[in-house]
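First comes the structure, then the notes that go with it.
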Amino acid sequence: MSDTPAITEGTEAKTKLRFKTIFISDVHLGMPDSKAAQASHFIRNCLCDKLVLNGDIIDAWHLTRLGGWNKSHTNFIRTVLRKMEKENTQIIYLRGNHDDVLDRFIPIQFENFTITDDHVHHTPKGDYLVVHGDGFDAVTSNHAWLAKLGGLGYNVLLRINRIYNGYRRLRGKEAFSFSAWIKHKVKSAVSAVGKYEEQLQNLARQRNCIGIICGHIHRADNKIVGDTHYLNSGDWVESMTAAVENLDGTFEIISYTDFCQRTHRDPKGAADAAEIIEPSAAAPESSAIPM
């Protein structure tokens, strides 16, 4: 990866990051807790040949019940389309469970924009299967009503978390994530994540791919599962992370905080990522896993 000099403001030169490919998921446009402004800021100031929007970019479940679309969400869509038009970036949009309304349209392609269920990403070392991952979540696949009920509970938890983190900021403390804490502490949640990763590993093997890139569970990761390279791009509701392929072919997880530091740019809004989970120890090659 290399940094491309951009605008100079004051004494620090702002830069843009250059990648081969960016994988971003779970922006959840339409939710009040969507970090759409930060996601737009990140995409706008990164150059790439391909941008993969790996599911749950638009949260149709929330929009159907409560609405909540705002200007920052529109700006995200404009940012993506501008990259396709001005920078000739290939855009791959993969359906997630929260934007499953796309089922009636896919697969569809126009110019450099493709909407589909999955995507095979080619690298010199081998192929990577890119899927959102909801098909391997037993609750989402078999009990849609329970998944939507869980989504409502998650929204309530986020609202409480927002108030609590406002209080923590006033006291000079870092943000805290209730949902991450629950996933980390509850044994059944930890077990479910493990099974999810194993199932995706099996799918990659069936498709003759050396790796799999997914989202869905809002938990960024970069590690080896069995003999498969497992990457999860995280989310832009709490952790604000993306998976990227560097110019030298290596992969890493980059957080919004890392991006701001590396490009010398001020963060947009309250940009503190609320994460408490420890990073994985077994990440292949050069990687940075901000968990």
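In my numbering, the protein residues as written are -18 to 272. Cβ coordinates follow ideal geometry from the N, Cα and C atoms, glycine included.
When D229, D98, I235, N56 are compared against G11, the one with the closest alpha-carbon:
The shortest Cα separation from G11 among D229, D98, I235, N56 belongs to N56.
Run through DSSP, which three-state label would I58 get?
In the structure shown, I58 sits in a helix (DSSP, three-state: H, G or I).
Can you tell me where the alpha helix (DSSP H) holding C241 begins and where it ends?
Note, C241: alpha helix (DSSP H), 237 to 244.
Under 8 Å, do N213 and A201 count as touching if we go by C-beta distance?
Between N213 and A201, the CB-CB gap stays under 8 Å.
When the distance is taken between beta carbons, is K(-3) closer than 8 Å to E226?
Taking 8 Å as the Cβ cut-off, E226 and K(-3) do not qualify as a contacting pair.
Environment of F86 [buried if 16+ CB atoms lie within 10 Å]
The residue in question, F86, is exposed, as its Cβ has fewer than 16 Cβ neighbours within 10 Å.
Candidates H103, R63, S15, G215: which alpha carbon is nearest I234's?
Taking only the C-alpha atoms, the option nearest I234 is G215.
With DSSP as the reference, label R76 as helix, strand or coil.
It is coil, neither helix nor strand.
Which of the three DSSP states is assigned to F23 in this structure?
DSSP places F23 within a helical segment (H, G or I) once states are collapsed to three.
Excluding the 5 residues preceding and the 5 following I197 in the sequence, name in chain order all residues of the same chain whose CB lies nearer than 6 Å to its CB.
Inspection of the sequence shows that residue 197 is occupied by His rather than by Ile. If we look at H197 and ignore the five residues flanking it on each side, its Cβ neighbours are H113, G114, D115.
Does R31 come out as helix, strand or coil in the three-state DSSP assignment?
Sequence check: residue 31 is Lys here, not Arg. In the structure shown, K31 sits in a strand (DSSP, three-state: E or B).
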